[in-house]
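Asks: Have a look at this one.
Residue numbers (the UniProt record's numbering): 1 to 232.
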């Protein structure tokens with residue numbers, strides 16, 4: 001499960017919660033010791049791969065709280081694990097912070113992330129998986145670390161300035177904002193329309209996976225995912 005935070009001014013904020021499906025509700029000591037967690041991710045484990053009361057507290061305390069001031073309005077889906085106002089007030093006691101819950105069945109129509117961010121996130125995911133399959137890429141990471149690195153990269157790419165209007169457009173489509181947005185850049189045009197077929201890293205002969213939305217370098221799977229090409 002992914003829990004990123006977007007703001008109405010078009011920002012994808014610095015951290016997101018990633019919940020991995022595991023055999024237990026926490027990582028084993030050896031797994032936790034060996035995990036490399038990028039600075040833009042808070043990683044937790046659960047048997048279902050979904051959120052829970054405990055995981056939502058982690059989201060509020062470790063992801064949201066460091067990124068907001070005293071006064072803000074938080075929109076959330078109507079999952080029972082995250083609609084408890086007492087839990088919200090335990091972390092944000094100041095009354096200038098408010099919680100608004102989308103009605104059940106409405107998220108596909110008025111949830112800004114469903115209308116913009118997650119579509120693009122899935123597009124990145126699909127393109128990376130397709131590249132790995134078509135090129136028969138030999139991975140040097142285990143599945144767990146690959147998954148963490150991949151979503152860290154996708155989050156970082158979508159937080160780049162070219163995608164500001166894309167994220168903002170979700171709030172406009174949801175009728176939360178009443179304004180006109182400028183040109184909307186999509187991942188297929190910013191990151192996946194390139195003419196340099198090979199990675200720009202020195203002495204690398206691997207095929208390009210994408211063009212970085214931050215620095216415009218053409219990068220292969222290894223220099224993007226395994227080397228964690230992040231702009232923070």
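By construction, the Cβ of each residue, glycine as well, lies at the ideal position given by its N, Cα and C atoms.
Which one of 9, 131, 12, 63 has the shortest CA to CA distance from residue 18?
Replies: 63
Asks: Is residue 200 helix, strand or coil by DSSP?
Replies: coil
Asks: Thinking just about the alpha-carbon of each residue, which of 4, 40, 51 is nearest to the one in residue 26?
Replies: When only C-alpha atoms are compared, the closest one is 51.
Asks: Where DSSP assigns a beta bridge to residue 218, which residues make up the other side?
Replies: 211
Asks: Which of the three DSSP states is assigned to residue 3 in this structure?
Replies: DSSP places residue 3 in strand when its eight states are reduced to three.
Asks: Looking only at C-alpha atoms, which of 29, 2, 6, 34 sits nearest to residue 21?
Replies: Among 29, 2, 6, 34, the Cα nearest to that of residue 21 belongs to 2.
Asks: Use the C-beta contact count for residue 58: other C-beta atoms within 10 angstroms, 16 or more gives buried, fewer gives exposed.
Replies: buried
Asks: With distances taken Cα to Cα, identify the nearest neighbour of residue 66 among 53, 15, 75, 100.
Replies: Looking at the Cα atoms, 15 is the closest of the given residues.
Asks: In three-state DSSP terms, what is residue 173?
Replies: Three-state DSSP puts residue 173 in a helix.
Asks: What span of residues does the alpha helix (DSSP H) with residue 98 cover, start to end?
Replies: Element bounds for residue 98: not the alpha helix (DSSP H) but the beta strand (DSSP E), 97 to 101.
Asks: Have a look at 138, 191, 171 and flag the residue whose alpha-carbon is nearest the alpha-carbon of residue 157.
Replies: 191
Asks: Please classify residue 220 as buried or exposed, where buried requires at least 16 neighbouring CB atoms within 10 angstroms.
Replies: Per the 10 Å Cβ criterion, buried.
Asks: Which value, in whole angstroms, describes the spacing of the CA atoms of residue 78 and residue 103?
Replies: 6 Å
Asks: Taking residue 60 and residue 101 to be in contact with their CB atoms under 8 Å, please state how far apart those CB atoms are, rounded to whole angstroms.
Replies: Not quite, the Cβ-Cβ distance comes to about 14 Å (not below 8 Å), so this is no contact.
Asks: Which term fits residue 234, buried or exposed, when burial requires 16 or more other beta carbons within 10 angstroms of its beta carbon?
Replies: Outside the displayed span of the chain (1 to 232) sits residue 234, for which this structure offers no information.
Asks: What does the alpha-carbon distance come out to for the pair residue 188 and residue 170?
Replies: Cα-Cα distance, rounded: 18 Å.
Asks: With 16 other CB atoms within 10 Å as the buried threshold, where does residue 150 fall?
Replies: By the 10 Å Cβ count, residue 150 comes out buried.
Asks: What residue from 203, 196, 195, 162 has the CA that sits closest to residue 214's CA?
Replies: Minimum Cα distance to residue 214 is reached at 162.
Asks: Would you report the Cα separation of residue 122 and residue 110, rounded to the nearest angstrom?
Replies: Distance between the alpha carbons of residue 122 and residue 110 is about 19 Å.
Asks: Consult DSSP for residue 157 and reduce its assignment to one of helix, strand or coil.
Replies: helix
Asks: For residue 248, name the three-state secondary structure that DSSP assigns.
Replies: What the structure shows of the chain is the stretch from 1 to 232, and residue 248 is not part of that stretch, so it cannot be assessed.
Asks: Grab me the residues of residue 56's own chain with a C-beta within less than 6 Å of its C-beta, minus the 5 sequence neighbours each way, in chain order.
Replies: 81, 82
Asks: Under three-state DSSP, which class holds residue 230?
Replies: coil
Asks: Helix, strand or coil: which one does DSSP assign to residue 116?
Replies: Note: residue 116 maps to helix in three-state DSSP.
Asks: Is it buried or exposed for residue 167, if we count other Cβ within 10 angstroms and need 16 for buried?
Replies: buried
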